[in-house]
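Take the sequence shown: its letter number 144 is residue 136 in the numbering used here, and every next letter is one higher.
Note sheet for the following structure.
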Amino acid sequence: MLTCLLATHDEGSAFDLFLRALADAIGPADSLLVFHSGDAQTLARLQGFAETHATRIIQIDQPVAGHGDLLRLGMRMVEQGYVLALDPTDRLQAEAMATLRTQLNRDAPDLALVHSGWWLADAGHPLPRSDSAMFATLPVQPNQAACAALLPDPRRLVWRAPDWADRVAHWPQDLEGKALYARALADSTQRSAVRAPMLLHRMDPVDPAPVLAACIADLETRAKAARTAALADWAPLLDEHLSLCPPAAAATILDTLPRIAALLPRQARRHMGQQKGSFARLLHARITDGALGAKAELGLGLAAHQHHRSDLLAHAYDRLRRDVDLALPGPDYLQALYTRLRGP
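Spelled out as structure tokens, the structure:
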């Protein structure tokens, strides 16, 4: 019913954790389709997985260039059911996967949107993404406008293969990211949404410079009256990059704020404090309190994210310590064992 697409290269021993989580989440009618261009060790791990789970491994000469290319390759091979493209560091949640299957069987949408989050220490302590609160109120059958207001991440999309194989084949070769997500919404006819976090991505620091540059370039092409709405479209992605920004890249964000503010109409700058989201608050601080205010706002935001992640790591460490303590023999057992070994 559901085919998971995957592109692998030299994944290392941590890839075993991905395969273990995938084995727990997929159903008996699900399968894995892998395009492998890497080392023999990763291939051996895939072949071991294929011994107990429906798996097709296709060896290729060059790594898959991106998410869009993976979809194009996969759609050629999958004739029935649904397709979900994964990264080798993703984790799937079994209960939410079961909800997805129920909705796909019941509604048969051509496109499904799944709620995603981050994993840092383990998949048992997921961290929310910038639009997670919006998913709580998202209809089970959302319209295009509701989906467009969310974080434009095409990794969240589940595609009905017979409907999309021809559509995807005619898309531009370089279609990725925000543009791919928007094109999918525009071409879809019926959508479904899974509101429970189903897909977890590994949380890694992200350089905010590319998305800030793309946002500025987009604003510059718009009429000034349309730039407020355009910035609102970028808001979920900008908020996401703020939450993933490493401290060393903070200067890039601060340097960009005056350029974005200068592109906005005067009324939009005046009412920026009424907008939602962390980037809107940061931009409002720069407009009203200058560079010092923006530094303070950004510093507080980065500190809050770091505190949350530290708490999560502490909980994960505490659980690991308790599991280790329960698995290892206690001092009474070791003393009794020592006594028996020294006995006559």
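For every residue, glycine included, the Cβ atom is placed at its ideal position computed from N, Cα and C.
Since the model is a prediction, treat every value here as computed from it, not as a measurement.
> Given a threshold of 16 other Cβ atoms within 10 Å of its Cβ, counted over all protein chains shown, does P239 qualify as buried or as exposed?
Replying inline: Along the sequence shown, one-based indexing puts residue 239 at 247. So P239 counts as exposed.
> Buried or exposed: Q95, going by 16 or more other Cβ atoms within 10 Å of its Cβ?
Replying inline: Walking along the sequence shown from the start, residue 95 turns up at place 103. Label assigned to Q95: buried.
> Do L76 and C139 have their C-beta atoms closer together than 8 Å?
Replying inline: What you label residue 76 is simply residue 84 of the sequence shown in a count that begins at 1. What you label residue 139 is simply residue 147 of the sequence shown in a count that begins at 1. No, these two residues do not count as a Cβ contact at 8 Å.
> Near R159, what residues of its chain come up, given a Cβ to Cβ distance below 6 Å and the 5 sequence neighbours on each side ignored?
Replying inline: Taking the sequence shown and counting its residues from 1, one reaches residue 159 at position 167. Answer for R159: D179, listed in chain order.
>> Going by DSSP in three states, M195 sits in which element: helix, strand or coil?
In response: Residue mapping note: residue 195 aligns to position 203 of the sequence shown, counting from 1. Three-state result, M195: coil.
>> Alpha carbons only, please: which of W111, R258, P154 is nearest the one belonging to D102?
In response: Here residue 102 corresponds to residue number 110 of the sequence shown, with the count starting at 1. The shortest Cα separation from D102 among W111, R258, P154 belongs to P154.
>> Mapping the DSSP letters down to three states, classify M(-7) as helix, strand or coil.
In response: Within the sequence shown, residue -7 is the residue found at index 1, counting from 1. Coil at M(-7), not helix or strand.
> Within this structure, are the beta carbons of F27 and L78 separated by less than 8 Å?
Replying inline: Locating residue 27 in the sequence shown gives position 35, where the first residue counts as 1. Locating residue 78 in the sequence shown gives position 86, where the first residue counts as 1. In this structure, F27 sits away from L78, with a CB-CB distance that is not shorter than 8 Å.
> Any idea what DSSP makes of L78, helix, strand or coil?
Replying inline: Translated into positions along the sequence shown, residue 78 becomes position 86. L78 falls in the strand class under three-state DSSP.
>> I'd like the list of long-range same chain contacts for D225, defined as Cβ closer than 8 Å, with 5 residues on each side in sequence excluded.
In response: Walking along the sequence shown from the start, residue 225 turns up at place 233. A140.
>> For a minimum of 3 consecutive residues, which ranges assigned as the beta strand (DSSP E) are wholly contained in the region 66 to 114?
In response: Fully enclosed beta strand (DSSP E) runs of no fewer than 3 residues occupy 74 to 78, 103 to 111 of the region 66 to 114, in order along the chain.
> Roughly how far, in whole angstroms, is the beta-carbon of L(-6) from the beta-carbon of D22, given that I think they are within contact range, below 8 Å?
Replying inline: Stepping through the sequence shown from its first residue, residue -6 is reached at position 2. Stepping through the sequence shown from its first residue, residue 22 is reached at position 30. Going by Cβ atoms, the distance from L(-6) to D22 rounds to 5 Å, so yes, they are a contact pair.
> What first and last residue would you give for the alpha helix (DSSP H) that runs through S124?
Replying inline: As a working note, residue 124 is residue 132 in the sequence shown. First-last of the alpha helix (DSSP H) with S124: 124 to 127.
> Is the CB-CB distance between I18 and H45 below 8 Å?
Replying inline: Residue mapping note: residue 18 aligns to position 26 of the sequence shown, counting from 1. Residue mapping note: residue 45 aligns to position 53 of the sequence shown, counting from 1. Contact flag set, yes.
>> Below 8 Å, how does it come out for the region 275 to 288 and the region 248 to 260: are there three or more Cβ pairs, yes or no?
In response: Contact between the region 275 to 288 and the region 248 to 260 is present: three or more C-beta pairs spanning the two stretches fall below 8 Å.
> Would you report the Cα separation of G116 and R313, rounded to the nearest angstrom?
Replying inline: Indexing the sequence shown from 1 puts residue 116 at position 124. Indexing the sequence shown from 1 puts residue 313 at position 321. Per the coordinates, the alpha-carbon of G116 lies some 15 Å from the alpha-carbon of R313.
> How would you label T331, buried or exposed, when you count the other beta carbons within 10 angstroms and need 16 or more for buried?
Replying inline: Taking the first residue of the sequence shown as 1, we reach residue 331 at position 339. T331 is classed as exposed because its beta carbon has fewer than 16 other beta carbons within 10 Å across all chains shown.
> Around the C-beta of D145, are 16 or more other C-beta atoms found within 10 angstroms, so that it is buried, or is it exposed?
Replying inline: Taking the first residue of the sequence shown as 1, we reach residue 145 at position 153. Per the 10 Å Cβ criterion, buried.
>> Assuming R339 is part of the alpha helix (DSSP H), what are its boundary residues?
In response: The structure shown has nothing for residue 339, since the chain only spans -7 to 336.
> Cα-Cα, which of R147, Q72, L192 is closest to A174?
Replying inline: The residue labelled residue 174 in the question sits at position 182 within the sequence shown. Sorting R147, Q72, L192 by C-alpha distance to the C-alpha of A174 places R147 at the top.
> What's the call for V56, buried or exposed, on a 16-neighbour Cβ count within 10 Å?
Replying inline: As a first step, residue 56 must be located in the sequence shown, where it is residue number 64. The C-beta of V56 has 16 or more other C-beta atoms within 10 Å across all chains shown, which makes the residue buried.
> In whole angstroms, what is the alpha-carbon distance linking P20 and R152?
Replying inline: Translated into positions along the sequence shown, residue 20 becomes position 28. Translated into positions along the sequence shown, residue 152 becomes position 160. Across the structure, P20 and R152 are spaced so that their CA atoms are roughly 18 Å apart.
> Based on the DSSP secondary-structure assignment, which residues constitute the bridge partners of F27?
Replying inline: The residue given as residue 27 occupies position 35 in the sequence shown. A(-1), I50, per the DSSP bridge assignment.
> What three-state label does DSSP hand A188 in the structure shown?
Replying inline: Stepping through the sequence shown from its first residue, residue 188 is reached at position 196. Residue state for A188 is assigned as strand, using DSSP reduced to three classes.
>> So, at 7 Å on beta carbons, what are the nonlocal neighbours of P80 in its own chain, with the 5 sequence-adjacent residues on each side left out?
In response: Position 88 of the sequence shown, counting from 1, holds the residue named residue 80. Cβ-Cβ distances below 7 Å link P80 to L(-2), T0, E3, F7, F10 in the same chain, with the five nearest sequence neighbours on each side left out; the list follows chain order.
> So which of L211, R68, L204 has the shortest CA-CA distance to D247?
Replying inline: Your numbering for residue 247 matches position 255 in the sequence shown. Closest option to D247, Cα to Cα, is L204.
> Is it a yes or a no for the region 189 to 198 touching the region 82 to 91, going by three-plus beta-carbon pairs under 8 Å?
Replying inline: The region 189 to 198 and the region 82 to 91 touch, with no fewer than 3 CB-CB distances between them shorter than 8 Å.
>> From the DSSP secondary-structure annotation, give me the bridge partner or partners of L119.
In response: By 1-based counting over the sequence shown, the position of residue 119 is 127. DSSP lists W110 as the bridge partner or partners of L119.
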